[in-house]
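Below is one structure, written out as structure tokens; the observations come after it.
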Amino acid sequence: YNKFIRLSKSNGNCLDSWKEDYKLLIKKALKNTNKNVYLSKNPPNTGRIRVLLDMFPNAKFIHIHRNPVEVFASTQKFFYKMLPNLQFQTSDSEKIDDAIFSLYKNLMDDYFEQKHLIPKENLFEFSFDQLQDKPIDALSELYKELNVSGFDKAKPNFIVYIENKKHYKKNKHHIKKEHLNRLLVEWDFYMKSFNYTVPNTIEVDDL
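The sequence shown lines up with residues 84 to 290 when you count with our numbering.
This is the structure:
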């Protein structure tokens, strides 16, 4: 985490190399799509605000927060499904769970510690629930708050996309009681920061 998310300067030329590689990635993406604005959904960048602002002082940031209980359950399901296809050895489920607790805490701690560096007019925060329940309203507010033009032109495309996804069924998440109890202690700050409680849509398993 310190090397590849925080990009610690103690790791030799890692920071400079990362900056150059990231700029090259952006240039390639813009050339490939024939666009002049780069929009990235990149969760690891949640912990890289200071570095990104050093590279792009006028960058705009969108932070979509989600109930931490759902984050844990969703991430756990993803890791359990993905890792067996990428590893040579067997991963201990307890170690995976510990990694999830640690990763989320580090990312969110870095976000809260660094977000004040972003000019107020360049940061927009809203919830996953807002985006899911009233997507057009949420996107309209995003465009307005970040002073981004073109919403009226983009709106028809948003509507078509949303219409195509209206029958999508979300995964039903489960969480072990021991994990929930641990989460409510270790992630208490993040639960309270965004006024979250344990969602009634998640199933808590006693085993």
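Beta carbons: idealized from backbone N, C-alpha and C, even for Gly.
#1: Mapping DSSP to helix, strand and coil, what is H250?
#2: Among all the DSSP beta bridges, which residues are the ones paired with L206?
#3: When the Cβ atoms of the segment 165–177 are set against those of the segment 243–262, are three or more pairs found closer than 8 Å?
#4: Identify every run of the alpha helix (DSSP H) within the segment 109–177, keeping only runs that are complete inside it and at least 4 residues long; order them along the chain.
#5: Give the DSSP bridge partners of H257, in chain order.
#6: Using CA coordinates, which residue listed in K102, T129 and V152 is at the minimum distance from K259?
#7: Hey, I109 and F155: beta-carbon distance below 9 Å or not?
#8: Can you grab the Cα-Cα spacing for the pair D192 / E224, in whole Å?
#9: Mark Q159 as exposed unless 16 or more other C-beta atoms lie within 10 angstroms of its C-beta, in which case mark it buried.
#10: Are the segment 203–211 and the segment 138–151 touching, with three or more C-beta to C-beta distances below 8 Å?
#11: Please report the straight-line C-alpha distance between S210 and Y194, rounded to a whole angstrom.
#12: Taking 8 Å as the limit between beta carbons, can you name the residues of its chain near Y349, skipping five residues before and five after?
#13: Using the Cβ count rule (16 or more neighbours within 10 Å means buried), how would you classify G233?
#14: So, D90 versus L136, is the Cβ gap smaller than 9 Å?
#15: With a 10 Å radius around its C-beta and 16 neighbouring C-beta atoms as the bar for buried, classify N150 as buried or exposed.
#16: Of the residues P140, K118, H148 and A112, which one's Cα is nearest the Cα of T129?
Considering the structure as presented:
#1: Collapsing the DSSP output to three states places H250 in coil.
#2: Looking at the DSSP assignment, L206 forms a beta bridge with F144.
#3: Taking 8 Å as the limit for Cβ pairs, the verdict is that the segment 243–262 does not touch the segment 165–177.
#4: When DSSP assignments are scanned along the segment 109–177, the uninterrupted stretches of alpha helix (DSSP H) that are 4 or more residues long and fall wholly within it turn out to be 132–138 and 151–165.
#5: Beta-bridge analysis with DSSP links H257 to E286.
#6: Out of K102, T129 and V152, V152 has the C-alpha closest to the C-alpha of K259.
#7: No.
#8: Rounded to whole angstroms, D192 and E224 show a C-alpha spacing of 26 Å.
#9: Around the beta carbon of Q159, 16 or more other beta carbons sit within 10 angstroms, so the residue counts as buried.
#10: As far as the Cβ criterion goes, the segment 203–211 touches the segment 138–151, which means the pair count is three or higher.
#11: If I take the Cα positions, the gap works out to 15 Å.
#12: Residue 349 falls outside the range modelled here, since the chain spans only 84 to 290, and no answer is possible.
#13: G233 is exposed by the Cβ-count criterion.
#14: Checking the sequence shown, residue 90 turns out to be Leu, not Asp. Not in contact: L90 and L136 (Cβ atoms no closer than 9 Å).
#15: Under this definition N150 is a buried residue.
#16: Checked all of P140, K118, H148 and A112; the closest Cα to T129 is H148.
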